[in-house]
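A short write-up of the structure that comes next.
As structure tokens, then:
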């Protein structure tokens, strides 16, 4: 982690990157963006998304057919797992529509994102607000909602505040991260409903509530109507678990374990986006698996870029970073997970008693 103002929390010394840590790169984004535009990488790719949507629709058709044919069989859990995967793929499309990367106009993309979010069972207005703040200030303390404390603590100062059962979780949160993701699908649904039920002004409140009600009815009614009660609960448990793990395992590698930016740091746009993002190697299979989020650096620089062109932008951005000595982070999927686990475990150390001697703790473990 880069140097900065240390947190005084006993055994842990997490530091934040400041303005002096990442000196500005003059006109970096302007120069890279010009090359990207000249390479025609900001054009739409409607044909690609039509193919993806058709493949997902075929997948849903197969799940419905399988659900009917399997009847009261535990093979239904395979259908549940497949639905979790398909809903995540729809979420990827909703994410791209929210960034206006699919259709030609902003309003049409917004409407598409609203509909796709409803299919997934998530509120587009909640997601858009949260995700826009993340894109503006990735990994910046007090600005990025993705590093705010939830069940998991991403900053040592948050980990140090954990009490009770949360403290026990935080101390081993790296190892518990993926098991906890099995609950993330349910959490995303609940957060969406809570957002739409809040008192704040939400322009699309009733249309979103209507779509969510229709979506949950379309899933829950057949499952609980045609399957035995225990099997129905197991079906929903598997679907939610697969959805949560898939979503979390896709988004977590992109920024977790990358530099944390101090609250008062002032960085140029290019440095801020490149230095806090991590790409995943793997080519076309990683792009399909992660909905294009394997090219996180390019996505953060050009969030409105269609998925098929991110790999081409990667070459342009990498060349510029190499020429100007800007770190460009890219690793394998499995290595990224190891980095995330190690980072969360390191942050979790702040949940220990600050007066607990680390050497004594080591002897006790022995």
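Numbering (our numbering), first residue to last: 30 to 395.
Here a beta-carbon is modelled for each residue, glycine too, at the ideal position from N, C-alpha and C.
Values in this document were obtained by computation on a predicted structure and should not be read as measured data.
For residue i, count neighbouring Cβ atoms within 10 angstroms of its own Cβ and tell me buried if that reaches 16, exposed if not.
i	result
residue 176	buried
residue 115	buried
residue 377	buried
residue 120	buried
residue 203	buried
residue 98	exposed
residue 138	buried
residue 308	buried
residue 173	buried
residue 80	exposed
residue 227	exposed
residue 206	buried
residue 217	buried
residue 293	exposed
residue 274	buried
residue 90	exposed
residue 67	exposed
residue 250	exposed
Along the chain, where does the alpha helix (DSSP H) that runs through residue i open and close?
i	result
residue 316	313-319
residue 346	339-352
residue 300	298-304
residue 334	From DSSP, residue 334 is part of no alpha helix (DSSP H); its letter is neither H nor E.
residue 76	75-99
residue 267	258-280
Could you compute how far the alpha carbon of residue i sits from the alpha carbon of residue j?
i	j	result
residue 51	residue 301	8 Å
residue 260	residue 248	14 Å
residue 55	residue 269	46 Å
residue 315	residue 336	12 Å
residue 243	residue 326	36 Å
residue 135	residue 143	12 Å
residue 257	residue 267	15 Å
residue 356	residue 130	27 Å
residue 263	residue 106	7 Å
residue 295	residue 165	12 Å
residue 73	residue 214	31 Å
residue 380	residue 141	43 Å
residue 239	residue 117	21 Å
residue 76	residue 82	10 Å
residue 64	residue 359	22 Å
residue 339	residue 321	7 Å
residue 313	residue 190	42 Å
residue 20	residue 255	The structure shown does not extend to residue 20, since the chain spans only 30 to 395, so no value can be given for it.
residue 160	residue 284	13 Å
Can you pull the DSSP bridge partners for residue i?
i	result
residue 169	290
residue 309	360
residue 46	290
Within its chain, find whatever has a CB closer than 6 Å to the CB of residue i; leave out the 5 residues flanking it on each side and keep chain order.
i	result
residue 290	46, 168 and 169
residue 196	380
Here's a check: name, in chain order, each residue in its chain whose Cβ is nearer than 8 Å to the Cβ of residue i, leaving out the five neighbours to either side.
i	result
residue 311	318, 323, 361 and 362
residue 332	128, 130 and 164
Can you name, in chain order, every residue of its own chain whose Cβ lies under 7 Å from the Cβ of residue i, other than the five neighbours on each side?
i	result
residue 146	123, 152, 153 and 156
residue 365	282, 307 and 309
residue 342	65, 70, 327, 331 and 334
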